[in-house]
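Enquirer: All residue numbers for the sequence shown refer to this note's numbering, where the first residue is 1138 and numbers rise by one.
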Amino acid sequence: MPKTGDSFKTTLLQAHLECGSLRHTNSRGIIYGEGYLQIPSDFAYNIEITNTKSNIRSAEYDFSTSDGFISNSKLLASGNQNREEFAKQFHGSGDLKLLGDWYHINAQIGDQVQIDFISPTEILLTKL
């Protein structure tokens, strides 16, 4: 379980900024404006960021952004790494456009986002 003070950085790629429109399958239609944050596997394993397949804890986190654009919203840890119960990404819980809206302010491919755990269930996102 993440602890207060845990943190990591992730680098934004085109897939993170355009995940709803940059598709390689036909599993659903194109949806512009969706976005997500990658969780590198070493961080998922080391600080135990689990997805909904885990019964240990909730995969949902309260979060805000340091610029104030988003406050008191929800992120969901989803997808899976080689170890199925560990998440590979964060996205808006129930709203895949939530991070995409934040990215459209001034995010570009190659930018970094710092993910700080304010508590075991609360995250602060900062675009560096």
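We put the CB at the ideal spot given by N, CA and C, even for glycine.
(1) Which residues bound the beta strand (DSSP E) around Leu1265?
(2) Can you tell which of Leu1154, Phe1223, Ile1252, His1228 has its C-alpha closest to the C-alpha of Lys1211?
(3) Put Ile1242 into one of helix, strand or coil per three-state DSSP.
(4) With DSSP collapsed to three states, give me the class of Tyr1198.
(5) Quick check: what's the CA-CA separation for Phe1254 versus Gln1151?
(6) Identify whether Asp1204 lies in helix, strand or coil by the three-state DSSP scheme.
Expert: If we stick to the structure as given:
(1) The residue labelled residue 1265 in the question sits at position 128 within the sequence shown. Looking at the DSSP string, Leu1265 is not in any beta strand (DSSP E), and its letter there is neither H nor E.
(2) Taking the sequence shown and counting its residues from 1, the one referred to as residue 1211 is at position 74. For Lys1211, the nearest C-alpha among the options comes from His1228.
(3) Working through the sequence shown from its first residue, we reach residue 1242 at position 105. Three-state DSSP puts Ile1242 in a helix.
(4) Numbered from 1 along the sequence shown, position 61 holds the residue referred to as residue 1198. Strand.
(5) As a working note, residue 1254 is residue 117 in the sequence shown. As a working note, residue 1151 is residue 14 in the sequence shown. Taking the straight line from one Cα to the other gives about 25 angstroms.
(6) Sequence index remark: in the sequence shown, residue 1204 carries index 67 (1-based). The answer is coil: DSSP assigns Asp1204 none of H, G, I, E or B.
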